[in-house]
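Chemist:
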Amino acid sequence: MLYRVEGLVIRSTDYGEGNKIITLLTPTYGKQGIIVRGAKKLKSRYGSLAQLFTYGDYSYYRAGSLGTLNSGEIIESFRELREGLEGPAYAAYAAELTDRAINDDEAAAYLFHQLKACQIALAGGKDPQIVLRVYEMKVASSAGYAPMLEECVSCGRPEGPFRFSAVAGGALCPQCRHRDPSALELEETVWKLMRVFSALDLRRLGNITVRDSSKRQLQLVLRKWLDTHLNLNLKSRNFLDQWEKYGDLLGERVKRPEPGAETEAGEGTV
Ligand SMILES: [Zn+2]
Numbered sequence: 224m225l226y227r228v229e230g231l232v233i234r235s236t237d238y239g240e241g242n243k244i245i246t247l248l249t250p251t252y253g254k255q256g257i258i259v260r261g262a263k264k265l266k267s268r269y270g271s272l273a274q275l276f277t278y279g280d281y282s283y284y285r286a287g288s289l290g291t292l293n294s295g296e297i298i299e300s301f302r303e304l305r306e307g308l309e310g311p312a313y314a315a316y317a318a319e320l321t322d323r324a325i326n327d328d329e330a331a332a333y334l335f336h337q338l339k340a341c342q343i344a345l346a347g348g349k350d351p352q353i354v355l356r357v358y359e360m361k362v363a364s365s366a367g368y369a370p371m372l373e374e375c376v377s378c379g380r381p382e383g384p385f386r387f388s389a390v391a392g393g394a395l396c397p398q399c400r401h402r403d404p405s406a407l408e409l410e411e412t413v414w415k416l417m418r419v420f421s422a423l424d425l426r427r428l429g430n431i432t433v434r435d436s437s438k439r440q441l442q443l444v445l446r447k448w449l450d451t452h453l454n455l456n457l458k459s460r461n462f463l464d465q466w467e468k469y470g471d472l473l474g475e476r477v478k479r480p481e482p483g484a485e486t487e488a489g490e491g492t493v
């Protein structure tokens with residue numbers, strides 16, 4: 224059967240002599256594996272359609288579990304995401320997270336638009352420490368693991384101060400915090416940001432400036448959440464960790480100024 228879909232390449236691996244197998248995230252059919260014959264050949268028309276992060280229109284035949292590319296057009300190549308070191312590392316993390324958290328053939332329209340927005344934001348120079356945190360929340364909720372943030376997961380009380388428990392499923396009130404002694408105490412800003420992020424459509428992400436300490440907490444808390452519920456052990460995250468540590472050691476961790484962002488630390492518009 225011939226399919227025609229829009230898709231984002233979330234994985235691209237070599238296959239046999241000169242071919243590639245790509246995994247597309249599509250709105251209608253979720254993840255689709257497709258063989259792109261001759262993709263590695265120099266003059267291949269389809270080489271760029273098989274590159275990681277490419278957004279295109281793909282038509283392919285599929286009988287079994289794997290399709291074969293028939294033709295395609297690039298809609299947006301996201302070339303910026305393949306340049307340098309930092310961009311590819313962040314975008315590769317988003318792609319691998321998607322690939323690992325989502326099952327094949329599951330309709331994924333919402334996540335498709337969120338990933339596309341994530342790539343646009345990263346390519347446009349928005350703060351990756353914010354973009355990725357919002358995207359992680361989108362992936363978690365698409366996989367059926369949205370944290371409870373508004374009220375205590377255990378008793379339903381809406382009054383805090385809450386602690387965050389990944390095992391329990393989100394907020395724990397003062398009466399229930401004994402249920403998880405390892406529950407994290409978070410800055411009020413971090414709670415606020417997580418609530419905003421969980422409701423936010425990434426396509427509507429504006430400029431936002433967040434203190435480094437809040438970013439670190441956000442990163443830690445979402446990492447704990449994903450590790451507890453999805454347990455993916457992503458290669459791209461190990462790479463990002465090493466890269467970030469290396470930058471810190473050299474004391475020249477790249478600070479990316481945002482276009483039009485406020486200068487002092489604090490929250491901007493989301
Ligand atoms: Zn409670």
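So that you can map any letter, position 220 of the sequence shown is 443 in this note's numbering, and since no number is skipped, the others follow by simple counting. Cβ coordinates follow ideal geometry from the N, Cα and C atoms, glycine included. Predicted model only: the values in this text are computed from it and were never measured.
Provide the residue(s) that pair with Arg227 in DSSP beta bridges, ordered along the chain.
Modeler: DSSP lists Ser282 as partners of Arg227.
Chemist: Using the rule of at least 16 other Cβ atoms within 10 Å of the residue's Cβ for burial, across every protein chain shown, is Val477 buried or exposed?
Modeler: Here Val477 scores only 48 on pLDDT, less than 50, and its place in the model is too uncertain to base an answer on.
Chemist: Is the CB-CB distance between Val433 and Thr451 below 9 Å?
Modeler: No.
Chemist: Can you tell me where the alpha helix (DSSP H) holding Thr321 begins and where it ends?
Modeler: Residues Glu309 to Ala324.
Chemist: Between the segment 334-344 and the segment 407-423, do at least 3 Cβ pairs fall closer than 8 Å?
Modeler: Flag = no, the segment 334-344 and the segment 407-423 do not touch.
Chemist: For a cutoff of 9 Å on Cβ pairs, would you count Val228 as touching chain D?
Modeler: You won't find chain D in this structure, because it holds only one protein chain.
Chemist: Just to confirm before moving on: does the CB-CB distance between Ser437 and Glu410 stay below 9 Å?
Modeler: Going by C-beta atoms, Ser437 is nearer than 9 Å to Glu410.
Chemist: If you pair each beta-carbon of the segment 382-401 with each one of the segment 344-359, do three or more pairs fall below 8 Å?
Modeler: No, they do not touch.
Chemist: Between Ala324, Lys447 and Leu355, which has its C-alpha nearest Pro311's C-alpha?
Modeler: Among Ala324, Lys447 and Leu355, the Cα nearest to that of Pro311 is on Leu355.
Chemist: State buried or exposed for Gly429, treating a residue as buried only when at least 16 other CB atoms are found within 10 Å of its CB.
Modeler: Exposed.
Chemist: Starting from Thr236, follow its DSSP beta bridges and name the residues at the other end.
Modeler: For Thr236, which the question treats as bridged, DSSP gives the partners Ile244.
Chemist: Please state if the CB of Lys458 and the CB of Glu319 are separated by a distance shorter than 9 Å.
Modeler: Closer than 9 Å, so yes.
Chemist: Are there three or more Cβ pairs, one per stretch, closer than 8 Å when the segment 273-282 is compared with the segment 229-242?
Modeler: Touching, yes.
Chemist: Can you look up Ser437 in the DSSP assignment and give me helix, strand or coil?
Modeler: Helix.
Chemist: Gln255 and Asp322 - do their beta-carbons sit closer together than 9 Å?
Modeler: Their beta carbons are not under 9 Å apart, which means Asp322 does not touch Gln255 by this criterion.
Chemist: What is the rounded straight-line gap between the Cα of Leu372 and the Cα of Glu240?
Modeler: Their backbone Cα atoms lie some 50 Å apart in a straight line.
Chemist: Looking at the unbroken beta strand (DSSP E) that takes in Ala330, where does it start and where does it end?
Modeler: Per DSSP, Ala330 belongs to no beta strand (DSSP E) and is neither H nor E.
Chemist: Hey, Leu304 and Leu248: beta-carbon distance below 9 Å or not?
Modeler: No, the Cβ-Cβ distance between Leu304 and Leu248 is not below 9 Å.
Chemist: Mind checking Glu487: buried by the 16 CB within 10 Å criterion, or exposed?
Modeler: In this prediction, Glu487 has a pLDDT of 39, which is less than 50 and means its spatial position is unreliable; what the coordinates show is noted afterwards. The residue is exposed, with fewer than 16 neighbouring Cβ atoms inside 10 Å.
Chemist: By how many angstroms is the C-alpha of Asn461 removed from the C-alpha of Ser288?
Modeler: The alpha-carbon atoms of Ser288 and Asn461 are separated by roughly 30 Å.
Chemist: Could you tell me if the beta carbon of Gly392 falls within a distance shorter than 8 Å of some heavy atom in ligand 1?
Modeler: Because no heavy atom of ligand 1 lies under 8 Å away, the Cβ of Gly392 does not count as near it: no.
Chemist: Span of the beta strand (DSSP E) holding Leu292?
Modeler: Counting along the chain, the beta strand (DSSP E) containing Leu292 begins and ends at Leu289 to Glu299.
Chemist: My guess is that Ala330 and Thr251 are in contact by the Cβ rule of under 8 Å, so how many angstroms apart are they, rounded?
Modeler: Right, the Cβ-Cβ distance comes to about 6 Å (below 8 Å), so this counts as a contact.
Chemist: Identify every residue that forms a DSSP beta bridge with Met371.
Modeler: Its beta-bridge partners are Gly393.
Chemist: Which of the three DSSP states, helix, strand or coil, is assigned to Lys263?
Modeler: DSSP places Lys263 in coil when its eight states are reduced to three.
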